[in-house]
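Structure record follows, encoded as structure tokens.
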Amino acid sequence: MKLAGHKGRQAFTLLEVMIALGIMAMALASASICLRMGMMQYDTARSTNYATQILQNEAERIRLLSWSEIENLPSAARFSPIDRSNNKYQFKRILENYNGSDDIKRIWLIANWKGLKGEPHQLKITFNYARDGAFDYLYGSNS
1 MKLAGHKGRQ
11 AFTLLEVMIA
21 LGIMAMALAS
31 ASICLRMGMM
41 QYDTARSTNY
51 ATQILQNEAE
61 RIRLLSWSEI
71 ENLPSAARFS
81 PIDRSNNKYQ
91 FKRILENYNG
101 SDDIKRIWLI
111 ANWKGLKGEP
121 HQLKITFNYA
131 RDGAFDYLYG
141 SNS
């Protein structure tokens, strides 16, 4: 049984197949570009999260130190996380007197690392440590 209007045409022409393949190739190429960009953003978010956790852990460790232990810390030093399996990060701690006062230390914790494409990233946490605690820092009871 033959259908009217389909005189022997039972397949696509070569030109139609080539156009369809070109469209599919462009769709796959753009999807791979989007996937790569997504992976780079995911890596940045994951690395930032890891660095934040390490810096926060070091900040809490420092907050548990006594004033004499704080004074004995070097003014600049590198530190390592407990988990040393990932060495793409460099962590640094800087201490200095805040506004020239010997009773308040300003502490910077800095993380540096490189992303998937080798671009540098940096994250900083800054806080103050007062000799007689936060109350003295805020209200100056010893001033």
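Residues 1 to 143, numbered by full-length UniProt numbering, are exactly what the sequence shown covers, in order.
C-beta: ideal position from N, C-alpha, C; glycine also.
*Between the stretch 115-127 and the stretch 47-54, do three or more beta carbon pairs fall short of 8 Å?*
yes
_Determine whether the beta carbon atoms of Ile62 and Leu73 lie at a separation below 9 Å._
One-based indexing of the sequence shown puts residue 62 at position 62. One-based indexing of the sequence shown puts residue 73 at position 73. Cβ distance < 9 Å, so Ile62 and Leu73 count as in contact.
*Around the Cβ of Leu109, are there at least 16 other Cβ atoms within 10 angstroms (buried) or fewer (exposed)?*
For the purposes of this step, residue 109 is taken as the residue at position 109 of the sequence shown. By the neighbour-count rule (16 or more Cβ atoms within 10 Å), Leu109 is buried.
*What are the start and end residues of the alpha helix (DSSP H) that includes Gln56?*
Residue 56 sits at position 56 when you count from the first residue of the sequence shown. Looking at the DSSP string, the run of the alpha helix (DSSP H) that includes Gln56 is Leu14 to Arg63.
*In terms of alpha-carbon separation, which member of Asp102, Asn97, Trp67 and Leu65 lies closest to Ala76?*
Along the sequence shown, one-based indexing puts residue 76 at 76. Nearest C-alpha to Ala76: Asn97.
*Got a sec, what are the start and stop residues for the alpha helix (DSSP H) Asn87 sits in?*
The residue given as residue 87 occupies position 87 in the sequence shown. Careful: Asn87 lies outside any alpha helix (DSSP H) and carries neither H nor E.
*Could you have a look at Glu71 and say whether DSSP puts it in helix, strand or coil?*
Position 71 of the sequence shown holds residue 71. In this structure, Glu71 counts as helix in the three-state DSSP scheme.
_Ser66 - containing beta strand (DSSP E), residue span_ = By 1-based counting over the sequence shown, the position of residue 66 is 66. Neither: Ser66 is in no beta strand (DSSP E) and is coded neither H nor E.
_Measuring only the C-alpha atoms, how far is Asn57 from Tyr42?_
The residue you call residue 57 lines up with position 57 of the sequence shown. The residue you call residue 42 lines up with position 42 of the sequence shown. When rounded, the distance between both Cα atoms is 23 Å.
*Beta-carbon separation of Ile104 and Ala59 under 9 Å?*
Your numbering for residue 104 matches position 104 in the sequence shown. Your numbering for residue 59 matches position 59 in the sequence shown. No, the Cβ-Cβ distance between Ile104 and Ala59 is not below 9 Å.
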